[in-house]
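*Asks:* Take a look at the following structure, please.
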Amino acid sequence: MFRFFKRWLRRVDADRPFPAAYREILDANVPIVRGLSDADARELERLVLAFLDDKVFEGAGGLEITDEIRLTIAAQACLLLLHRDTDIYPDLDTIVVYPSTYVSRAERRDGPVVIEGGSARLGESWERGVVVLAWDAARRNTRNVHSGHNVILHEFAHQLDHEDGAMDGAPPLGTRARYAT
13 MFRFFKRWLR
23 RVDADRPFPA
33 AYREILDANV
43 PIVRGLSDAD
53 ARELERLVLA
63 FLDDKVFEGA
73 GGLEITDEIR
83 LTIAAQACLL
93 LLHRDTDIYP
103 DLDTIVVYPS
113 TYVSRAERRD
123 GPVVIEGGSA
133 RLGESWERGV
143 VVLAWDAARR
153 NTRNVHSGHN
163 VILHEFAHQL
173 DHEDGAMDGA
183 PPLGTRARYA
193 T
């Protein structure tokens with residue numbers, strides 16, 4: 013019921029203008045949007061506005077969340093939703109953003125022994141509605157489309173993969189014919 017209501021609200025808001033200041037941020041930080049067709053650019057703008065309305069951004073490690081951070085992440089995440097009839101990351105609630113590489117605490121078992129430690133991370137995608145990103149890597153990756161690295165696309169692809177309840181490397185594509193063999 014709530015998903016239907018959210019989709020209805022997005023259709024009602026479909027004509028909401030995309031602020032010029034937002035466009036400037038996207039032009040500077042997400043140059044790939046300049047290559048989109050007019051129809052795809054409008055669809056991306058609609059998705060970005062809905063994403064920003066629906067998701068919570070939290071700064072970590074002293075990072076203050078700005079419109080630049082929110083828009084850069086939202087635009088990259090929503091690129092993955094173009095031409096998909098889907099909700100906007102329905103299981104995702106929160107995006108946590110660190111200023112740079114962060115350490116994620118981890119425990120592992122070696123027989124009866126529990127080993128605690130940490131590992132340096134640029135991003136994580138959790139099954140429980142959270143994506144974690146390192147802002148410096150995220151911004152660097154989005155500005156250089158030829159680098160072959162994009163932590164935002166990577167972590168949000170995991171969120172798409174999880175939409176069917178399993179992180180198995182195969183996001184739901186709607187019909188069997190859309191899966192390559």
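The sequence shown begins at 13 in my numbering and counts up one residue at a time. Quick reminder that beta carbons are idealized off the backbone N, C-alpha and C, glycines included. Everything numeric in this text was worked out from a predicted model, so none of it was measured.
Could you spell out the range, first to last residue, of the alpha helix (DSSP H) harbouring A169?
*Replies:* Position 157 of the sequence shown, counted from the start, is the residue given in the question as residue 169. Boundaries of the alpha helix (DSSP H) around A169: V163 to H174.
*Asks:* Could you round the C-beta distance between L61 and R82 to whole angstroms and report it? I think they count as a contact, below 8 Å.
*Replies:* Taking the sequence shown and counting its residues from 1, the one referred to as residue 61 is at position 49. Taking the sequence shown and counting its residues from 1, the one referred to as residue 82 is at position 70. Going by Cβ atoms, the distance from L61 to R82 rounds to 11 Å, so no, they are not a contact pair.
*Asks:* At the level of alpha carbons, what is the spacing between L104 and D122?
*Replies:* Looking up residue 104 in the sequence shown gives position 92. Looking up residue 122 in the sequence shown gives position 110. Taking C-alpha positions only, L104 is separated from D122 by approximately 32 Å.
*Asks:* Whole angstroms are fine: how far does the CA of V125 sit from the CA of L78?
*Replies:* Taking the sequence shown and counting its residues from 1, one reaches residue 78 at position 66. Taking the sequence shown and counting its residues from 1, one reaches residue 125 at position 113. Before going on, a small fix: residue 78 reads as Thr here, not Leu. CA-CA distance, T78 to V125, rounds to 43 Å.
*Asks:* Give the C-beta separation of Y110 and A146 to the nearest angstrom, bearing in mind that I take them to be a contact with Cβ-Cβ under 8 Å.
*Replies:* For the purposes of this step, residue 110 is taken as residue 98 along the sequence shown, with counting starting at 1. For the purposes of this step, residue 146 is taken as residue 134 along the sequence shown, with counting starting at 1. Going by Cβ atoms, the distance from Y110 to A146 rounds to 5 Å, so yes, they are a contact pair.
*Asks:* Nearest-angstrom Cα distance between A89 and V163?
*Replies:* Start at 1 with the first residue of the sequence shown, and residue 89 comes out as number 77. Start at 1 with the first residue of the sequence shown, and residue 163 comes out as number 151. Between A89 and V163, the C-alpha separation is close to 10 Å.
*Asks:* Between R120, D52 and I100, which has its C-alpha nearest D65's C-alpha?
*Replies:* Walking along the sequence shown from the start, residue 65 turns up at place 53. Out of R120, D52 and I100, I100 has the C-alpha closest to the C-alpha of D65.
*Asks:* Just how far apart, CA to CA, sit E76 and I44?
*Replies:* Here the question's residue 76 lines up with position 64 in the sequence shown. Here the question's residue 44 lines up with position 32 in the sequence shown. In this model, E76 and I44 are separated by some 26 Å (Cα to Cα).
*Asks:* Which of the three DSSP states, helix, strand or coil, is assigned to I37?
*Replies:* In the sequence shown, residue 37 corresponds to position 25, counting from 1. Assignment of I37 by DSSP, reduced to helix, strand and coil, places it in the helix class.
*Asks:* Helix or strand or just coil, what does DSSP make of I107?
*Replies:* Locating residue 107 in the sequence shown gives position 95, where the first residue counts as 1. Reduced to three states, the DSSP call for I107 is strand.
*Asks:* What are the partner residues of G135, as DSSP defines its beta bridges?
*Replies:* The residue you call residue 135 lines up with position 123 of the sequence shown. L145.
*Asks:* Given this structure, state the Cα-to-Cα distance separating E55 from L94, to the nearest angstrom.
*Replies:* The sequence position of residue 55 within the sequence shown is 43, counting from 1. The sequence position of residue 94 within the sequence shown is 82, counting from 1. The alpha-carbon atoms of E55 and L94 are separated by roughly 7 Å.
*Asks:* From S131 to T113, what does the alpha carbon distance come to, in whole angstroms?
*Replies:* The sequence position of residue 131 within the sequence shown is 119, counting from 1. The sequence position of residue 113 within the sequence shown is 101, counting from 1. Approximately 10 Å between the Cα atoms of the pair.
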